[in-house]
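Enquirer: Residue numbers (the working numbering): 1 to 768.
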Amino acid sequence: MRKCIAMNEGWRFIRQNEEQANQERYNDNHLNIVNIPHTWNGIDGANGCEYYQGACWYRKAFMVEPSYEGSRVFIEFNGSNSITDVYVNGRHMGQHKGGYSTFRFDITDVVKYGANNVLAVKVDNTVVDDVYPQKADFTFYGGIYRDVNLIVADAVHFDLMDYGSTGVYIVQEAVSKEKARLSIRARLVNDSNEEKKVRLWADILDADHKKVTYAAKEVILAAGETKTEELSGVIDNPTLWHGRRNPYMYSASISMASFNDTIDELSIPFGVRYFHVDPKQGFFLNGEHLPLYGVSRHQDRKDMGWAISAQEQDEDMEFIKEIGASSIRLAHYQHSQYFYDLCDREGMVVWAEIPFISVMSQNELEGINAKQQMIELIRQNYNHPSIIFWGIQNEIQIGGERPEVRRLVKELHALTKNEDPTRLTTMANVLFVSEEDEYNGMTDVIGYNKYYGWYHGQPEDFTPWLDKFHSINPDVPLAISEYGAEGIVQYHSSEPKVKDYTEEYHALFHEKVWKTLEQRPFLWGTYVWNMFDFGANIRDEGGVTGRNNKGLVTYDRRIKKDAFYMYKAHWSEEKFVHIASKRFVDRVEDNIKVKVYSNCNAVTLYVNGEVFQTITSDDKIFVFENVALTEGINEISAATENNVQHVDAARFNKAAEPNLSYEAPVEDKGGEVSNWFQMPDIDEDEMVELQITDDVYSTRCTFKELFENKESKAVLNKYFGEDFRSRPTSSMTQGFKIDTLAEMAPEHFTEKLLYLLNKELTKIKRTT
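See the structure below:
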């Protein structure tokens with residue numbers, strides 16, 4: 001029978017490339033002692049642009065019991081970022097490229113039984129040309145950050161070398177309320193040197209572990225043979241997995257027996273469901289419309305990076321449940337099996353994806369690693385009922401217009417449908433992809449990352465764009481895969497506006513955008529970016545370095561921002577009241593506006609113990625105007641009509657002077673872009689109309705196009721500086737047209753700057 005032995009405790013670690021560390025007799029006494037999960041970037045990965053990227057070494061001594069001789073022995077890594085080389089007793093077992101999936105090596109032939117063995121692992125988080133991601137707006141934490149196990153199996157076993165999967169796939173051939181027809185496909189391996197006859201058996205059990213149905217067959221495996229066998233089963237009148245309302249789970253107990261011995265056995269949880277997306281009416285689960293109230297999640301945590309435990313993952317799920325979400329986009333890579341299991345049990349509809357993001361390799365044009373990670377994602381997660389959508393790319397157009405990118409996106413879609421025709425493919429286009437672009441037809445359904453109201457425009461701009469897209473593409477199922485704004489709870493304003501980083505603007509932004517999104521039933525899903533703040537080493541804005549602050553909850557999970565409660569009011573059935581701007585304590589105004597979020601019908605506000613006003617509202621937002629403040633501390637409370645169960649309180653101080661700590665540093669408001677260029681003086685009356693034709697360069701071109709021509713490159717260097725291309729964010733803008741960035745940051749890309757650029761660029765003929 002199979003045994004899984006945890007290997008997490010008592011590793012030796014050194015944060016440098018110690019060339020001799022792979023050797024069996026290497027003296028590792030000077031190395032630090034660590035436990036898995038572990039990362040070497042827990043602190044420096046979210047503190048700014050510099051964090052350690054390079055090779056590090058882990059070593060561990062282990063024993064293999066003498067009784068295991070004759071079995072097969074595997075070493076299993078559930079997450080190691082990003083290139084991992086494994087050595088046992090000085091022998092190289094193999095290399096895995098990719099930082100997010102499970103992988104295994106067969107170490108049977110090199111281990112010593114009943115004696116000490118040495119496991120040495122080199123992990124390198126350096127970005128290289130043939131491993132994804134290449135560039136992204138999050139930190140690439142290095143380390144062995146998920147569990148490591150030793151697996152001992154019989155020579156005849158379910159395939160452990162099938163891209164890190166279980167080797168067992170429960171295919172939902174046809175599911176309805178009346179019947180679920182299943183096909184159980186199992187990859188069987190005979191690693192012995194003789195023919196084996198086994199009985200393959202599968203019991204389908206309900207949630208109470210009672211047998212529902214079973215299937216069995218005799219199988220003959222030749223020596224050294226691996227083959228796939230199929231069992232069929234039917235569940236009559238199945239209880240369907242129905243999201244948060246009823247996340248019902250069955251399990252398949254599948255085994256191989258030889259004579260009277262069970263030689264391998266697995267228990268595979270699964271749920272049965274059917275679904276579709278209608279381009280006009282949205283997502284349907286088991287024939288019923290289900291609004292996908294979605295949040296996106298990164299897996300890192302403050303001071304821990306990706307090296308988190310089950311406790312942190314449970315906490316994340318509790319936040320997501322509390323807000324009332326029904327769907328999660330697990331961005332931008334494969335998450336842990338533990339969290340996918342949580343999604344199954346809690347009824348979350350999941351968008352799972354690979355890190356084919358922002359930029360495609362400049363030299364490896366076949367997409368070998370992207371395809372490998374896609375296969376690993378699908379095969380390792382095939383049996384999770386929560387996963388409905390396979391995501392094949394995120395904003396890959398940022399790297400510029402390239403035919404090989406379009407080709408690879410199409411190939412990833414075809415590969416995904418071949419691996420799993422039962423689910424839907426999707427992807428997240430960057431904001432500048434045209435509504436008419438063929439990208440919108442490459443996957444089953446489509447998403448767009450749109451940031452009106454933060455990077456450019458106003459929140460209200462969502463309305464015309466959504467209606468325009470739907471008018472042009474009435475048969476294309478559309479989601480908003482990302483939308484959000486930075487919100488830093490230290491900053492506050494009574495008059496919030498774009499790019500002030502205040503908690504008030506963060507909440508106002510989400511109020512406005514959600515009002516637009518909820519009124520458009522054709523959207524199959526909407527995904528807030530992000531549920532939690534996360535590490536992003538390239539960022540430096542709002543006075544905070546190394547972090548993306550768009551989360552509804554802070555990086556340390558200590559504070560739920562006001563916008564969290566705005567969504568809770570709309571999505572959750574748990575009754576509550578929440579007074580917004582409670583951290584905006586010091587007020588200079590004589591009269592203030594008090595905003596309350598609640599999913600109750602009416603809210604009463606009390607000011608210094610006296611009833612101020614009762615308001616009813618249908619939009620979950622209760623605004624009390626002209627609340628007078630007296631000198632000193634003012635006690636404010638809000639309660640529902642019964643004034644018992646649902647109460648919240650705040651304290652506001654009537655101050656003589658503004659609290660300057662509430663304002664973001666002016667020099668940081670623009671981030672890196674504020675230092676991109678030096679603009680010479682020019683009077684507006686000197687600006688004459690320029691004729692821009694297709695045969696010349698202009699600000700209508702992408703940065704990539706302009707840098708590829710010697711003359712136009714010189715113009716960019718003149719205005720943006722010679723070091724522009726070496727800046728951390730430069731590679732993320734290659735696919736952007738300058739005009740697009742001007743829409744996103746008009747305070748920097750002014751009309752004068754665009755005029756000066758075009759005045760010089762239009763003198764240069766375009767090369768073909």
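The beta carbon of each residue, even a glycine, is placed where N, CA and C say it ideally should be.
Being a predicted model, the structure only gives us computed values, none of them experimental.
K217 by DSSP, collapsed to three states: which one?
Expert: Strand.
Enquirer: Given a threshold of 16 other Cβ atoms within 10 Å of its Cβ, counted over all protein chains shown, does R423 qualify as buried or as exposed?
Expert: Buried, since its Cβ has 16 or more Cβ neighbours within 10 Å.
Enquirer: Quick one: is E225 near chain B, going by C-beta distance under 8 Å?
Expert: Among the protein chains of the structure shown there is no chain B, as only one such chain exists.
Enquirer: Identify every run of the beta strand (DSSP E) within the region 193 to 237, keeping only runs that are complete inside it and at least 3 residues long; order them along the chain.
Expert: Within the region 193 to 237, the complete beta strand (DSSP E) runs of at least 3 residues are 196 to 205, 211 to 221 and 226 to 236.
Enquirer: Taking the alpha carbon of N653 as the reference point, which residue from V111, E631 and R273 has its own alpha carbon closest?
Expert: Measuring from the Cα of N653, the nearest candidate turns out to be E631.
Enquirer: From which residue to which residue does the beta strand (DSSP E) around P269 run?
Expert: P269 -> beta strand (DSSP E) spans D261 to F270.
Enquirer: Looking only at C-alpha atoms, which of M63, W524 and N22 sits nearest to R91?
Expert: Among M63, W524 and N22, the Cα nearest to that of R91 belongs to N22.
Enquirer: Among V34, N47, A6 and N626, which has the Cα closest to the Cα of M63?
Expert: Closest by alpha carbon: A6.
Enquirer: Please tell me whether D586 and L629 are closer than 8 Å, where the distance is taken between their beta carbons.
Expert: In this structure, L629 does not lie closer than 8 Å to D586 by Cβ.
Enquirer: What does the alpha-carbon distance come out to for the pair P133 and Q393?
Expert: Cα to Cα, the separation comes out at about 11 Å.
Enquirer: Check whether the Cβ atoms of V121 and T84 sit closer than 8 Å, and answer yes or no.
Expert: Yes. Within cutoff.
Enquirer: Answer yes or no: do F105 and I151 have a C-beta to C-beta separation smaller than 8 Å?
Expert: Their beta carbons are not under 8 Å apart, which means F105 does not touch I151 by this criterion.
Enquirer: Roughly how many whole angstroms lie between the Cα atoms of A155 and K227?
Expert: Taking the straight line from one Cα to the other gives about 14 Å.
Enquirer: May I have a chain-ordered list of the alpha helix (DSSP H) segments no shorter than 4 residues that lie completely inside the region 319 to 379?
Expert: You should have 337 to 346.
Enquirer: According to DSSP, is D540 part of a helix, a strand, or is it coil?
Expert: Three-state result, D540: strand.
Enquirer: Does the Cβ-Cβ distance between A46 and G542 come in under 8 Å?
Expert: No, these two residues do not count as a Cβ contact at 8 Å.
Enquirer: For the 8 Å Cβ check, are there 3 or more pairs between the region 299 to 313 and the region 336 to 346?
Expert: Result yes; three or more Cβ-Cβ pairs closer than 8 Å.
Enquirer: In terms of DSSP beta bridges, what is K3 paired with?
Expert: Looking at the DSSP assignment, K3 forms a beta bridge with V152.
Enquirer: So, at 6 Å on beta carbons, what are the nonlocal neighbours of W676 in its own chain, with the 5 sequence-adjacent residues on each side left out?
Expert: In this prediction, W676 scores a pLDDT of 42, lower than 50, which makes its location untrustworthy; the coordinate-derived value is nonetheless stated afterwards. F720.
Enquirer: Return the first residue and the last residue of the beta strand (DSSP E) that T616 is part of.
Expert: T616 -> beta strand (DSSP E) spans E610 to T616.
Enquirer: Can you list, in chain order, the residues of its chain with a C-beta nearer than 6 Å to that of A563? Leave out the 5 residues immediately preceding and following it.
Expert: Result list for A563: H506, A507, H510 and L552, in chain order.
Enquirer: Pull up the CB-CB distance for A599 and K575, whole angstroms please, since I reckon it's below 8 Å.
Expert: Sequence inspection shows Asn at residue 599; the Ala mentioned does not correspond to that position. Contact flag correct, Cβ pair sits at about 6 Å.
Enquirer: From the DSSP output, in three-state form, read off T640 for me.
Expert: Strand at T640.
Enquirer: Could you give the distance in angstroms between the alpha-carbon of V513 and the alpha-carbon of K468?
Expert: Distance between the alpha carbons of V513 and K468: 16 Å.
Enquirer: How would you label Q397, buried or exposed, when you count the other beta carbons within 10 angstroms and need 16 or more for buried?
Expert: Answer is buried; the Cβ neighbour count reaches 16.
Enquirer: Just verifying my parser: in three-state terms, what is the DSSP assignment at R407?
Expert: Three-state result, R407: helix.
Enquirer: Given a threshold of 16 other Cβ atoms within 10 Å of its Cβ, counted over all protein chains shown, does Y52 qualify as buried or as exposed?
Expert: Y52 comes out exposed.
Enquirer: Flag this pair as touching only if the region 259 to 267 and the region 365 to 378 have three or more C-beta atom pairs under 8 Å; answer yes or no.
Expert: Not touching, per the Cβ criterion.
Enquirer: What three-state label does DSSP hand P247 in the structure shown?
Expert: It is a strand residue.
Enquirer: Let me confirm a value: E19 is counted as buried when at least 16 other C-beta atoms fall within 10 Å, else exposed. Which label applies?
Expert: Under this definition E19 is an exposed residue.
Enquirer: Quick check: L188 and L221, are their CB atoms within less than 8 Å of each other?
Expert: For L188 and L221, yes; Cβs fall inside 8 Å.
Enquirer: What is the DSSP secondary structure of R766, counted as helix, strand or coil?
Expert: Reduced to three states, the DSSP call for R766 is coil.
Enquirer: When you measure from the CB of K620 to every non-hydrogen atom of the ligand SAH, does any distance come out below 7 Å?
Expert: By its list of ligands, the structure shown contains no ligand whatsoever, and the ligand SAH lies outside what it can speak to.
Enquirer: When burial is assigned at 16 or more other CB atoms within 10 Å of the CB, is G400 buried or exposed?
Expert: Buried.
Enquirer: Could you check the C-alpha separation between E312 and E708 for me, to the nearest Å?
Expert: Distance between the alpha carbons of E312 and E708 is about 46 Å.
Enquirer: What's the C-alpha gap between H289 and V73?
Expert: So the two alpha carbons sit approximately 48 Å from each other.
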